[in-house]
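Trainee: The structure follows.
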Amino acid sequence: MSAWQIPVFGVRHLSPAGAWHLRRYLDEVRPKVVLVEGLADADELVPHITKKATKPPIAILAYTDSLPVRTLVYPLARYSPEYQALHWAKEHDARVEFIDLPSDIFLALQDVEAELHERARHAAEEAAKEDKGSGGHGDTERDETGASEEPVTNSWSPERPASVYEQFAERSHEPDYETYWERQFEHNRSLNSYRLSAFEFGRALRDLEEDRPRWRAENLVREAYMRRRIEAVLASGVKPEKIVAVVGAFHAPVLNGEYPAMTDDELKSLRRRSSKLTLMPYSYFKLSSQSGYGAGNLAPAYFELLWNALEQGDIHELPGRYLSLVTRHLRETGTHRSTAEVIEGVRLARTLSALKDGSAPTLRDLRDAAVTLLGHGDRGSIQEALARVDVGTAIGELPKGVSRTSIQEDFEREMESLKLDKYKTTVKQELTLDLRENRRAKSDEAAFLDLHRSSFLHRLRVLEIGFAAKIASGQQSTTWAEKWHVQWSPENEIALVEAVLLGETVELATGYKFKTQLEKCASIAEAADMIRDACQCGLMSSMELARRRLQELATETSEFVAVAHAAHQLGQVARYGDVRQFDPEPLLPLIEELFVQGTLSLFATANCDNAAAAGVLIAIDELNKVSLEFHERVEEPMWIERLQKLADADDRNPVLSGYACAILLERGLIANESLACEVSRRLSPGIAADLGAGWFEGLSKRNRYALLARQPLWEQLAEYVTSLDDGQFRRALVFLRRAFGSFSPQEKRHIAENLGECWGVHADTASELIEQPLTEQEEQTLSDLNEFDFGDL
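For what it's worth, our numbering labels the leading residue of the sequence shown as 653, then goes sequentially.
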């Protein structure tokens, strides 16, 4: 095709002034076709984007329909030039098309990028090995492999590296590029000035760009494709002057016939990944640079204020509006600021702007004024208020019927039927569930609403869709009550869309994930966790698969900690029976089998150091809970016999021996006299201080109130401490203080009173010995003990 030239409007993505000037330029040119930088295969989404009920911010999400999952996000705010271009075209019956590379090519470029980074990483590792072998320092220079370049992210990020842009800020004596851009472009209301300046800015960017081959190559490919799309429109009979292309300023200077368009062969040679497209609500936080989004802006809520001011023709009122909003948020949190301070803040912001020859205060000027007048010089005191005004909490909305994946549609149906849709906001809320049947409800669906809610939220948890997070409860035995924190974010939407690769609905995707995890599962503890997860998700078929897998694994291991955890988890699941509406009977034989395995391996496992003992102690507690809960089904006498053997043993970990003794004491199986004798034996001058105190530490980990009431125990402890020489006393005191470290102040005071009574000293004196924090040297003593080999005893 011969040389051609069409009107091109170069913008910065998410530029309010760019959108404002673009609307006026389109009114002037009245094009028949508007071409927009965006995924070429997303044209079918344009009618949904421009629907009246669609509320920005929103985003086009492209994703691969096979593993590994790659995603690409193209966000749009109300003040995005691209968004306003789409709306102008709709309002004026103009044809509109996206003209950038289609999503399948863009996503394949991510694969290429990942491969190159992997090669670079491997090359760097090999070079480091060679340097190490040759005695070199291992320093490497930046090379053309891209090893020093940042990896591709899953956000649309066509902006150039900050270092290039900062050159403009430095030459304009601005503190940063954001301030430079706002002062030079966002406040520029002269017709055509923005377009011409942005065009020249793009040309300058191309002259200043760093020599980054991969980045340059990608942009050359994109621009060749855009010219191909423009030529196709021209070939359809549209005159050049009736076409307007809206693209990033960097691309604007080369979208003309002087440069070659992509050929058919070149297009065929590009790698592709099969992909799909959908729309999703987005958020201002995600758009802000605080979230790490590469092509976002620092303060999306502030730039919406700027857009509104431009539309209303009162940009000079923006400083007062901004500082008033900051003041409002301060007042809401109990900090009063006067109207006079706001007025003085506006004056200061305008003065700061005038010092830079600006036509209006920039965001930086407004922030400085807010810190000075509203924060009284302390930025921290107004930081939260600034964040709310700058970033905001806005999240977009899409009307029903908008193009979505099957799992998104299923999610929305479930949210509506479970009456959870009101919780789909960016504000964190607490949700309390009662899983028991509501007998006053008029339908089965209403009677078990909270149970169904629980199953749904647990399915989202398993799928790692972060809408809901379960709050830990202090009442572990309460199986019918749950508390959740619920909060929506665009990241959740992306995770939801990615889950469609696992299944077309939330239930199917969760079931498939269980299946794939079970195929890889090699631990009975993990299998037991999956049984519990499946139960909480209400997926009984998955639960049965996990039970079978656990039974297979149980024949291959007798490792105490894993077996105890598995038995405990199954016990918890069995307790869910009535409330979760399932029959726990098939689990009971497996609980019995695991209980016997754990019981038989307890004594051998207790021959360990203190580091390992921490996990064993938890496992002992778990297996003891199983014996109490299912004492009619399990071999409880065998368990008690093994506990007694461990409690009496001198050749096992002393903390575990003391803990076994505490469980027997809790069960009422040790009389006061027997306890006093055991304390006397364990805490005697003939026993090493760390071993005796370690035993006492284990004893003190349970049933503290019962221990505090047993005066013979404290008499024996007082007598033991008194019998030690100075060196033994100092060493024993380290371990005794650790034993009392987790006691409450009230409990420590009670101990001090008991010991003080035995020693004939004031309780305050005894408290000093108990409550004094461990020194660094004492901590090292404990560390040395942890390295002690109990196998040598």
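We put the CB at the ideal spot given by N, CA and C, even for glycine.
Going by the beta-carbon positions, is the gap between residue 957 and residue 970 smaller than 8 Å?
Mentor: Contact flag set, yes.
Trainee: Can you look up residue 912 in the DSSP assignment and give me helix, strand or coil?
Mentor: Residue state, collapsed to three classes: coil.
Trainee: Within this structure, are the beta carbons of residue 1039 and residue 982 separated by less than 8 Å?
Mentor: Not closer than 8 Å, so no.
Trainee: With DSSP as the reference, please indicate the residues paired to residue 1081 in a beta bridge.
Mentor: Answer by DSSP bridge pairing, in chain order: 1138.
Trainee: Report the residue from 1235, 1296, 921, 1303 whose alpha carbon sits nearest the alpha carbon of residue 1322.
Mentor: Minimum Cα distance to residue 1322 is reached at 1296.
Trainee: Could you check which residue in 1333, 1191, 1131, 1008 has the C-alpha nearest to that of residue 1160?
Mentor: Closest option to residue 1160, Cα to Cα, is 1191.
Trainee: Given residue 759, which residues of its chain have a CB within under 7 Å of its CB, disregarding the five upstream and five downstream residues?
Mentor: The answer, listed in chain order, is 714, 716, 722, 724, 925, 927.
Trainee: Can you find the residues in the same chain that come closer than 6 Å, C-beta to C-beta, to residue 855, ignoring five residues on each side of it along the sequence?
Mentor: The residues are 905.
Trainee: From 776, 861, 852, pick the residue whose C-alpha is nearest to that of residue 817; which is it?
Mentor: Looking at the Cα atoms, 861 is the closest of the given residues.
Trainee: Rounded to whole angstroms, what is the Cα-Cα separation between residue 1010 and residue 1017?
Mentor: Rounded to whole angstroms, residue 1010 to residue 1017 spans 10 Å at the Cα level.
Trainee: Between which two residues does the alpha helix (DSSP H) carrying residue 1319 extend?
Mentor: From DSSP, residue 1319 is part of no alpha helix (DSSP H); its letter is neither H nor E.
Trainee: For residue 929 and residue 1063, which I take to be in contact (beta-carbon distance under 8 Å), what is that distance rounded to the nearest angstrom?
Mentor: In fact, because the Cβ distance is near 18 Å, the residues do not count as touching under 8 Å.
Trainee: Could you tell me which residues DSSP pairs with residue 724 in its beta bridges?
Mentor: Bridge partners of residue 724: 714.
Trainee: So, do the segment 1183–1200 and the segment 1244–1256 have three or more beta carbon pairs nearer to each other than 8 Å?
Mentor: Taking 8 Å as the limit for Cβ pairs, the verdict is that the segment 1244–1256 does not touch the segment 1183–1200.
Trainee: From the DSSP secondary-structure annotation, give me the bridge partner or partners of residue 928.
Mentor: Looking at the DSSP assignment, residue 928 forms a beta bridge with 715.
Trainee: Quick one: give me the first and last residue of the alpha helix (DSSP H) that residue 1113 is part of.
Mentor: Element bounds for residue 1113: 1101–1114.
Trainee: Taking Cβ positions, are residue 936 and residue 1043 nearer each other than 8 Å?
Mentor: Contact flag set, yes.
Trainee: Within this structure, are the beta carbons of residue 994 and residue 1027 separated by less than 8 Å?
Mentor: Taking 8 Å as the Cβ cut-off, residue 994 and residue 1027 do not qualify as a contacting pair.
Trainee: Rounded to whole angstroms, how far is the Cβ of residue 1188 from the Cβ of residue 1106, which I believe are closer than 8 Å?
Mentor: Confirmed, Cβ separation roughly 7 Å.
Trainee: Report the three-state DSSP secondary structure of residue 1235 (helix, strand or coil).
Mentor: Note: residue 1235 maps to coil in three-state DSSP.
Trainee: Less than 8 Å between the beta carbons of residue 671 and residue 959, yes or no?
Mentor: Yes, these two residues count as a Cβ contact at 8 Å.
Trainee: Kindly indicate the opening and closing residues of the alpha helix (DSSP H) around residue 896.
Mentor: Where residue 896 is concerned, there is no enclosing alpha helix (DSSP H), although the beta strand (DSSP E) it sits in stretches over 895–900.
Trainee: Determine the DSSP secondary structure at residue 949, reduced to helix, strand or coil.
Mentor: Strand at residue 949.
Trainee: Note down the Cα distance separating residue 769 from residue 1178, rounded to an integer number of angstroms.
Mentor: Cα to Cα, residue 769 sits roughly 34 Å from residue 1178.
Trainee: Please check if any C-beta of chain B sits within less than 8 Å of the C-beta of residue 895.
Mentor: Structure shown: chain B not included; a single protein chain is present.
Trainee: What residues match up with residue 933 in a beta bridge as DSSP calls it?
Mentor: Per DSSP, 710.
Trainee: Looking at the unbroken alpha helix (DSSP H) that takes in residue 866, where does it start and where does it end?
Mentor: 865–887 is the span of the alpha helix (DSSP H), which, as asked, contains residue 866.
Trainee: What does DSSP give as the partner residues of residue 686 in its beta bridges?
Mentor: In DSSP, residue 686 forms a bridge with 748, 896.
Trainee: What residues in its chain sit with their C-beta under 6 Å from that of residue 1076, if we drop five residues either side in the sequence?
Mentor: Only 1140 meet the Cβ criterion.
Trainee: Could you check the C-alpha separation between residue 1227 and residue 1241 for me, to the nearest Å?
Mentor: When rounded, the distance between both Cα atoms is 14 Å.
Trainee: Within this structure, are the beta carbons of residue 775 and residue 684 separated by less than 8 Å?
Mentor: In this structure, residue 684 does not lie closer than 8 Å to residue 775 by Cβ.
Trainee: Report all residues from its chain with a CB closer than 7 Å to the CB of residue 1245; omit the five preceding and five following residues, and keep chain order.
Mentor: So the qualifying residues of the chain are 1206.
Trainee: With a CB to CB cut of under 7 Å and the five nearest residues on each side skipped, what residues in its chain are close to residue 655?
Mentor: If we look at residue 655 and ignore the five residues flanking it on each side, its Cβ neighbours are 909, 910.
Trainee: In this structure, how does DSSP classify residue 691 when only helix, strand and coil are distinguished?
Mentor: Looking at residue 691 - three-state DSSP - the assignment turns out to be strand.
Trainee: List the whole-angstrom C-beta distance separating residue 1250 from residue 1307, where the pair is believed to meet the contact cut-off of C-beta under 8 Å.
Mentor: About 19 Å separates the two Cβ atoms, so there is no contact after all.
Trainee: Let's see if you can read the secondary structure: which residues bound the alpha helix (DSSP H) around residue 1172?
Mentor: Segment 1158–1172, the alpha helix (DSSP H) holding residue 1172.
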